[in-house]
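S.K.: Below are the structure tokens for one structure; questions will follow.
Number of protein chains: 2
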Amino acid sequence: MPLQPVSPRSVPDEVFDQVLAEVVDGGLEAGEALPSERRLAEVLGVSRPAVREALQRMAQTRLVEVRHGGSTTVRDFRRHAGLDLLPRLLLRGGGLDAAVARSILEARLVVGPGVAALAAERGGPALVAALTAAVEALAGTEDDVERQVHALAYWDVVVDGADSLTFRLMFNSLRAAYEPALEALAPLMAEEVGQVGAYRVLTAAIGEGDPDTARAAAERVLRPATTSLLTALKALENSEE
Amino acid sequence: MPLQPVSPRSVPDEVFDQVLAEVVDGGLEAGEALPSERRLAEVLGVSRPAVREALQRMAQTRLVEVRHGGSTTVRDFRRHAGLDLLPRLLLRGGGLDAAVARSILEARLVVGPGVAALAAERGGPALVAALTAAVEALAGTEDDVERQVHALAYWDVVVDGADSLTFRLMFNSLRAAYEPALEALAPLMAEEVGQVGAYRVLTAAIGEGDPDTARAAAERVLRPATTSLLTALKALENSEE
DNA sequence: GTGGTCAAGTGGTATGACCAGTAGCCGAGA
DNA sequence: TCTCGGCTACTGGTCATACCACTTGACCAC
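Spelled out as structure tokens, the structure:
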């Protein structure tokens with residue numbers, strides 16, 4: 006096993022995670038009031054600034070509402086939280102959350118072809134060259150994890166080609182959710198990233214400049230693994246209940 | 006003009022916004038180091054905790070990288086920031102950013118039909134009832150702003166029906182970007198939200214349970230206004246250059 | 001060159017104090 | 001009895017300061 010860089014967890018990080026877990030896993034219902042900052046600091050055995058920093062970050066994520074003079078209350082994260090919360094929800098409670106993973110796969114299958122279509126509309130020769138290079142990198146390795154990384158890099162180029170800030174940020178958020186689990190998912194995704202041919206077809210389709218062709222090609226890249234993973238997850242979800 | 010609730014801007018908020026503007030508008034390049042917290046506090050005339058809180062929030066948004074003992078450096082927000090940054094980018098520099106608005110419209114056109122298809126797969130009679138109620142609320146007003154609000158509520162129900170956490174959070178993020186500009190956009194979106202018939206057709210399509218029908222119906226709801234707005238924005242973008 | 005040491009600078013954390021806004025109690029007045 | 005006003009206790013907001021922990025780079029011994 007390769008050495009991993011150590012990542013020291015700061016006190017506010019710790020507090021943030023604990024409060025987040027309470028909110029997300031239902032220990033605290035929406036509308037409920039949190040203990041005061043002083044009280045929390047006392048209970049957790051940390052200083053008030055540390056608590057304060059954690060709560061402010063919670064507020065930024067729209068998970069709680071902090072009111073000067075009043076108490077801090079929990080908000081309904083399903084109604085207000087943004088896509089940046091996805092990584093936290095995917096890894097909730099130690100393992101992968103099957104329902105969240107399913108929804109990510111579904112979203113990918115919707116967004117991917119849309120992005121490819123836009124890239125086809127807007128890309129030029131430079132984009133095709135970058136895509137080709139990315140495909141060759143993908144073809145140049147046999148390792149499943151490395152292939153994952155190269156596939157991700159390929160889509161990164163596609164997103165660049167789409168020239169859409171919204172899709173770019175969306176992709177960043179999804180990638181942030183995906184990357185921590187990348188290694189664990191490598192065997193499951195091997196089927197997809199091993200089909201270099203499909204990526205070549207997609208590259209050519211984008212190069213042709215026809216959105217519909219690109220859309221279809223992207224779907225052919227994403228659909229097979231998505232389908233098989235979804236059925237696997239469905240079995241998992243049912244067995245959990 | 007109706008009275009607006011005052012929203013007191015805290016010191017860390019102010020600092021956050023200033024640093025954010027520097028990073029997003031290019032005053033600080035990616036990789037560049039920020040002044041130290043003490044120096045920033047001195048320059049801005051605030052305390053170090055205030056600066057610290059702002060920087061931590063920047064770090065949470067993945068706009069800067071804070072290293073203990075080292076200096077805080079700017080990251081490339083296009084490469085790392087998540088969808089939660091969208092509202093800030095849309096309203097960059099006082100007005101609406103045309104390129105960002107365009108990308109939101111494009112994303113909407115891709116994601117909306119996808120969500121509708123999922124809702125058709127999973128929704129039952131209860132969903133249709135909720136959708137019908139939402140359409141009736143939409144039909145019950147003539148005011149453009151109110152219609153906007155009701156249309157948003159309608160899509161909210163669709164997203165619920167899709168039973169996908171990813172799309173739910175995505176919708177929340179897009180709505181957070183959209184809502185501040187809702188009033189300004191009302192006249193432009195009037196064309197879309199006035200077509201109650203299209204919403205009824207979409208509702209029926211979702212009720213039928215056929216994803217493809219629902220997808221097509223959703224596109225018929227979204228496409229017309231999207232197209233006309235895109236051409237308007239294109240003219241705007243060109244005139245800006 | 002390699003590794004060790006050290007000082008300076010940076011972020012991390014804690015403490016304590018005080019300011020500012022909220023909410024509820026409670027008495028004075030209608 | 002009701003209502004208004006202010007008082008009070010509690011909450012979050014901000015600050016100054018001190019000290020800890022880490023990184024960096026220079027310098028030095030090996």
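Just so you know, the protein sequences line up as chains V and C, in that order. Just so you know, we're using my numbering here: the first sequence kicks off at 6 and counts up by one. Just so you know, we're using my numbering here: the second sequence kicks off at 6 and counts up by one. Backbone N, C-alpha and C define an ideal beta-carbon position, used for all residues, glycine too.
How would you label Val173 (chain C), buried or exposed, when you count the other beta carbons within 10 angstroms and need 16 or more for buried?
M.R.: Within the second sequence, residue 173 (chain C) is the residue found at index 168, counting from 1. According to the sequence shown, residue 173 (chain C) is Arg rather than Val. Classification of Arg173 (chain C): buried, given that the 10 Å Cβ count is 16 or more.
S.K.: Is there at least one Cβ from chain C nearer than 7 Å to Ala112 (chain V)'s Cβ?
M.R.: To locate residue 112 (chain V), count along the first sequence from 1; it is residue 107. Yes, Ala112 (chain V) counts as interfacial toward chain C.
S.K.: Can you find the residues in the same chain that come closer than 8 Å, C-beta to C-beta, to Glu27 (chain C), ignoring five residues on each side of it along the sequence?
M.R.: Along the second sequence, one-based indexing puts residue 27 (chain C) at 22. Excluding positions up to five away in sequence, the list reads Leu33.
S.K.: For Ala38 (chain C), write down the residues that DSSP places opposite it in a beta bridge.
M.R.: Walking along the second sequence from the start, residue 38 (chain C) turns up at place 33. Answer by DSSP bridge pairing, in chain order: C:Thr78.
S.K.: Can you name the residues that DSSP bridges to Glu70 (chain C)?
M.R.: Locating residue 70 (chain C) in the second sequence gives position 65, counting from the first residue. C:Thr78, per the DSSP bridge assignment.
S.K.: Would you mind giving the Cβ-Cβ distance between Glu224 (chain C) and Pro118 (chain C), rounded to the nearest angstrom? I have them listed as a contact below 8 Å.
M.R.: For the purposes of this step, residue 224 (chain C) is taken as the residue at position 219 of the second sequence. For the purposes of this step, residue 118 (chain C) is taken as the residue at position 113 of the second sequence. Indeed, because the Cβ distance is near 5 Å, the residues count as touching under 8 Å.
S.K.: Assign Glu213 (chain V) to one of three DSSP states: helix, strand, or coil.
M.R.: For the purposes of this step, residue 213 (chain V) is identified with residue 208 of the first sequence, where counting begins at 1. Reduced to three states, the DSSP call for Glu213 (chain V) is helix.
S.K.: Under 7 Å between the Cβ atoms of Thr78 (chain C) and Ala38 (chain C)?
M.R.: By 1-based counting over the second sequence, the position of residue 78 (chain C) is 73. By 1-based counting over the second sequence, the position of residue 38 (chain C) is 33. A contact, by the Cβ cut-off of 7 Å.
S.K.: Closest to Thr236 (chain C) by C-alpha separation, out of C:Ala59, C:Ala106 and C:Ser169, would be which residue?
M.R.: Mapped onto the second sequence, residue 236 (chain C) falls at position 231. Nearest of C:Ala59, C:Ala106 and C:Ser169 to Thr236 (chain C), Cα basis: C:Ala106.
S.K.: What residue range is occupied by the uninterrupted alpha helix (DSSP H) comprising Leu96 (chain C)?
M.R.: One-based indexing of the second sequence puts residue 96 (chain C) at position 91. From DSSP, Leu96 (chain C) is part of no alpha helix (DSSP H); its letter is neither H nor E.
S.K.: Using only CA atoms, which one of C:Ala124, C:Leu234, C:Glu151 and C:Leu91 lies nearest to Asp165 (chain C)?
M.R.: Translated into positions along the second sequence, residue 165 (chain C) becomes position 160. Ranking the options by Cα distance to Asp165 (chain C), first place goes to C:Ala124.
S.K.: Can you grab the Cα-Cα spacing for the pair Gly98 (chain C) / Gln23 (chain C), in whole Å?
M.R.: To locate residue 98 (chain C), count along the second sequence from 1; it is residue 93. To locate residue 23 (chain C), count along the second sequence from 1; it is residue 18. Computed Cα separation, rounded: 12 Å.
S.K.: Using the rule of at least 16 other Cβ atoms within 10 Å of the residue's Cβ for burial, across every protein chain shown, is Glu111 (chain C) buried or exposed?
M.R.: As a first step, residue 111 (chain C) must be located in the second sequence, where it is residue number 106. Glu111 (chain C) should be labelled buried.
S.K.: Should Leu234 (chain V) be flagged as near chain C, meaning a C-beta pair shorter than 7 Å?
M.R.: As a position in the first sequence, residue 234 (chain V) is number 229, starting the count at 1. Taking Cβ atoms only, chain C never reaches closer than 7 Å to Leu234 (chain V), which makes this a no.
S.K.: Taking DSSP as the reference, what is the three-state secondary structure of Leu157 (chain V)?
M.R.: The residue labelled residue 157 (chain V) in the question sits at position 152 within the first sequence. Reduced to three states, the DSSP call for Leu157 (chain V) is helix.
S.K.: For Thr218 (chain C), does the count of other Cβ atoms within 10 angstroms reach 16, so buried, or fall short, so exposed?
M.R.: Here the question's residue 218 (chain C) lines up with position 213 in the second sequence. Buried.
S.K.: Excluding the five sequence neighbours on either side, which residues of its own chain have a C-beta within less than 8 Å of the C-beta of Pro40 (chain C), listed in chain order?
M.R.: Position 35 of the second sequence, counted from the start, is the residue given in the question as residue 40 (chain C). Counting only Cβ-Cβ distances below 8 Å, and skipping sequence neighbours, we find Val48.
S.K.: Does the contact criterion of 3 or more C-beta pairs under 8 Å hold for the region 83-90 of chain V versus the region 184-200 of chain V?
M.R.: As far as the Cβ criterion goes, the region 83-90 of chain V does not touch the region 184-200 of chain V, which means the pair count is below three.
S.K.: In this structure, how does DSSP classify Glu126 (chain V) when only helix, strand and coil are distinguished?
M.R.: As a first step, residue 126 (chain V) is located in the first sequence; it is residue number 121 there, counting from the start. Three-state result, Glu126 (chain V): helix.
S.K.: I'd like to know whether the C-beta atoms of Pro54 (chain V) and Pro54 (chain C) end up nearer to each other than 7 Å.
M.R.: For the purposes of this step, residue 54 (chain V) is identified with residue 49 of the first sequence, where counting begins at 1. For the purposes of this step, residue 54 (chain C) is identified with residue 49 of the second sequence, where counting begins at 1. Their beta carbons are under 7 Å apart, which means Pro54 (chain V) touches Pro54 (chain C) by this criterion.
S.K.: By Cβ distance, which residues of its chain are closer than 7 Å to Glu58 (chain C), with the 5 residues on each side in sequence left out?
M.R.: As a first step, residue 58 (chain C) must be located in the second sequence, where it is residue number 53. Closer than 7 Å at the Cβ level, and outside the excluded window around Glu58 (chain C), lie Pro17.
S.K.: Strictly under 7 Å for the Cβ-Cβ distance: is Leu132 (chain C) near chain V by that measure?
M.R.: Working through the second sequence from its first residue, we reach residue 132 (chain C) at position 127. For Leu132 (chain C), the answer is no, since every Cβ of chain V falls outside 7 Å of its Cβ.
S.K.: Taking beta-carbon pairs under 7 Å, can you tell me which members of the region 167-186 of chain C lie near chain V?
M.R.: Per Cβ criterion, the list reads Ser169, Leu170, Thr171, Phe172, Arg173, Leu174, Met175, Asn177, Ser178 and Ala181.
S.K.: For the alpha helix (DSSP H) that Ser178 (chain V) lies in, which residues bound it at each end?
M.R.: As a position in the first sequence, residue 178 (chain V) is number 173, starting the count at 1. That run of the alpha helix (DSSP H) goes Leu170 to Tyr183.
S.K.: What are the boundary residues of the alpha helix (DSSP H) that includes Val56 (chain C)?
M.R.: For this step, residue 56 (chain C) is matched to residue 51 along the second sequence. First-last of the alpha helix (DSSP H) with Val56 (chain C): Arg53 to Gln65.
S.K.: Looking at the structure shown, is Gly166 (chain C) part of a helix, part of a strand, or coil, going by DSSP?
M.R.: In the second sequence, residue 166 (chain C) corresponds to position 161, counting from 1. Gly166 (chain C) falls in the helix class under three-state DSSP.
S.K.: Helix, strand or coil for Ala84 (chain V)? Go by DSSP, reduced to three states.
M.R.: In the first sequence, the residue the question calls residue 84 (chain V) occupies position 79. Strictly speaking, residue 84 (chain V) in this sequence is Arg, with Ala absent from that position. If DSSP states are grouped into helix, strand and coil, Arg84 (chain V) belongs with the helices.
S.K.: Could you tell me the distance, in whole angstroms, from the CA atom of Arg93 (chain V) to the CA atom of Arg84 (chain V)?
M.R.: Here the question's residue 93 (chain V) lines up with position 88 in the first sequence. Here the question's residue 84 (chain V) lines up with position 79 in the first sequence. About 16 Å.
S.K.: What three-state label does DSSP hand Met6 (chain C) in the structure shown?
M.R.: Here residue 6 (chain C) refers to the residue found at position 1 when the second sequence is read from its first residue. Interpretation of Met6 (chain C) is limited by its pLDDT of 48, a score under 50 that renders its predicted location unreliable; the figure taken from the coordinates is listed afterwards. The answer is coil: DSSP assigns Met6 (chain C) none of H, G, I, E or B.
S.K.: Indicate whether at least one CB of chain C lies closer than 7 Å to the CB of Ser76 (chain V).
M.R.: Within the first sequence, residue 76 (chain V) is the residue found at index 71, counting from 1. False, the Cβ-Cβ gap to chain C never drops below 7 Å.
S.K.: In this structure, does DSSP put Leu33 (chain V) in helix, strand or coil?
M.R.: Start at 1 with the first residue of the first sequence, and residue 33 (chain V) comes out as number 28. Three-state result, Leu33 (chain V): coil.
S.K.: When you compare the CB positions of Ser108 (chain V) and Thr66 (chain C), do they come within less than 7 Å of one another, or not?
M.R.: Locating residue 108 (chain V) in the first sequence gives position 103, counting from the first residue. Locating residue 66 (chain C) in the second sequence gives position 61, counting from the first residue. Not a contact, by the Cβ cut-off of 7 Å.
S.K.: Please report how far the alpha carbon of Met6 (chain C) lies from the alpha carbon of Gly50 (chain C), in whole angstroms.
M.R.: For the purposes of this step, residue 6 (chain C) is taken as the residue at position 1 of the second sequence. For the purposes of this step, residue 50 (chain C) is taken as the residue at position 45 of the second sequence. Note that Met6 (chain C) scores a pLDDT of 48, beneath 50, so its modelled location is shaky and nothing firm can be said.
S.K.: Straight-line CA distance for Pro13 (chain V) to Thr137 (chain C)?
M.R.: To locate residue 13 (chain V), count along the first sequence from 1; it is residue 8. To locate residue 137 (chain C), count along the second sequence from 1; it is residue 132. If I take the Cα positions, the gap works out to 52 Å.
S.K.: When you compare each of V:Val201, V:Phe21 and V:Glu19 to Leu227 (chain V) by their alpha carbons, which one comes out closest?
M.R.: Against the first sequence, residue 227 (chain V) aligns to sequence position 222. That would be V:Val201, whose Cα lies nearest to the Cα of Leu227 (chain V).
S.K.: Buried or exposed, going by whether 16 or more other CB atoms sit within 10 Å of the CB of Gly145 (chain V)?
M.R.: As a working note, residue 145 (chain V) is residue 140 in the first sequence. Exposed is the call here.
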